[in-house]
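The sequence shown maps to residues -18 to -1, 1 to 339 in mature numbering (1 follows the signal peptide of the UniProt record, and there is no 0).
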Amino acid sequence: MKKFLLSALIISMICTLASCTKDNSNRKSENYADSSQEKTAGLPIEKNRILIAYFSRYGNTDYPDDVDASTSASVVIDKERYGTTEYMARMIQKTVGGELFPIRTVTPYTDDFDELRDVNHNEMENNKLPELQKSNLDISNYDTIFIGYPVWATDVPQAVVSFLKKYDLSDKTVIPFCTHDGYGAGNSYNSIRVESSAKNMLEALAIEAKDIKDSSTVIENWLNSIGMLSKKTDEGETEIAIQIGNITLDGVLYNTALANEIKQYFPFTISMTKYAGREFYGGVDFYPESLEGGQKTFENGDITYCEDHHNMAIFYAQTDNPNLSVNVIPIGKVISDLSVFENLDNREEITFSLKHK
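Shown next as structure tokens:
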């Protein structure tokens, strides 16, 4: 039995460690968070509130230049080699924007698997945290932090724990993602939750290393399911902040006559009441005149105005069963994770304000 458990552990370590690769020092300049020269492609600076931090064995190991791609589970694209975790991080960046931040240790890991296995076990068993390379990363510049890593021995590498201990993520939204070789995420999600102390952790994604090159659709569907694709606002929409106690949500106002009319009253606070497990609503002090476009349906996340009840509402659930008795007019949308509404009190003071004046 002991021999069987030992063999299983060794196989697991071989598979999980194989999902890491290293960074090519000759690679072209990229959109890294600690670069003073580069900005995130496709996003205005003021929208650049997403950080994609990732740890990869490939960037933290002294591999020879001719390391075999098959043994290190790297991905080669246009003659450049990426680790599977880094490649996943880049696909996330391509989809939602943001800045990449490679987590790198001061002391490189050995390229000898047996030695690395012992080092990793020693770090985990003794809670040793490897020292990270210095950077000019200012975590206060970001609201949403993706944390990427390969699964080592069914958990996060200790270098990731070092990162989580170094930076205060308690007021951030944290989103884990990981690569593995068939054994899944293990206990890593719980470790991220505990070590980050994040106010909000969204659903994570684990992808098997062998599938990473063909995972763009999987990643896009995941990002859409957790509300991240909506982070990019359409032309003409106005970014807003929705404050509920110590929780800040992102939203947009549409470029419509009614929304633009109501925008003139920002910022304002509404005492809103939870109703039917689907919405928060509350009366307003203004009387808009642009009232075209009423409807008795809604989408989750809709911010609406109702002429009949002279109120605004935020709908967060039950899109498939709206059961509205009066018309509402959509004026905007909450684009943050809507699950926070489920745990709010029955009455909340909710403040709507413009993010950029």
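Cβ atoms here follow ideal geometry from the backbone N, Cα and C, with glycine treated the same way.
Less than 9 Å between the C-beta atoms of residue i and residue j, yes or no?
i: I201; j: M70; result: yes
i: G80; j: I129; result: no
i: V143; j: H162; result: no
i: K315; j: D267; result: no
i: Y287; j: I244; result: yes
i: T67; j: Y131; result: yes
i: L82; j: Y36; result: yes
Under the rule that 16 or more other beta-carbon atoms within 10 Å means buried, what is residue i, buried or exposed?
i: E334; result: Note that residue 334 is Phe in the sequence shown, not Glu. By the neighbour-count rule (16 or more Cβ atoms within 10 Å), F334 is buried.
i: A241; result: buried
i: Q116; result: Before going on, a small fix: residue 116 reads as Lys here, not Gln. By the neighbour-count rule (16 or more Cβ atoms within 10 Å), K116 is not buried but exposed.
i: L235; result: buried
i: L336; result: exposed
i: S318; result: buried
i: T87; result: buried
i: K154; result: buried
i: E62; result: exposed
i: T126; result: buried
i: I34; result: buried
i: E324; result: exposed
Closest to residue i by C-alpha separation, out of the options, would be which residue?
i: T230; options: I332, V308, Q115 and E68; result: I332
i: V176; options: G164, V156 and D44; result: V156
i: K110; options: K116, M294 and V101; result: V101
i: Q246; options: Y269, G265, N228 and G264; result: Y269
i: L326; options: L273, G227 and I189; result: G227
i: T92; options: G283, M106 and G41; result: G41
i: I121; options: P90, L151 and E243; result: L151
i: I224; options: S38, L306 and V322; result: V322
i: residue 342; options: N118, D137, S170 and P112; result: Any answer about residue 342 is impossible in this case: the structure gives the chain only from -18 up to 339.
i: I252; options: A258, Y263 and E243; result: Y263
i: A186; options: S197, I194, I208 and A180; result: I208
i: R260; options: G276, E281, L273 and P249; result: E281
i: I194; options: L82, L114, G65 and P158; result: G65
Check the DSSP bridge columns for residue i and list the partner residues they point to.
i: W134; result: D137
i: E221; result: V234
i: D284; result: K315
i: F145; result: None, per the DSSP bridge assignment.
i: Q115; result: Per DSSP, none; premise fails for Q115.
Original post:
Counting pairs of beta carbons, one from the stretch 183 to 202 and one from the stretch 72 to 79, are three or more of them closer than 8 Å?
Top reply: Three or more pairs of CB atoms, one per stretch, sit closer than 8 Å, so the stretch 183 to 202 contacts the stretch 72 to 79.
Subject >> the stretch 308 to 316 touching the stretch 291 to 300, judged by at least three CB pairs closer than 8 Å >> reply: Touching, yes.
Subject >> Inter-stretch contact (C-beta, 8 Å, three-pair minimum) for the stretch 178 to 192 and the stretch 154 to 170 >> reply: Touching, per the Cβ criterion.
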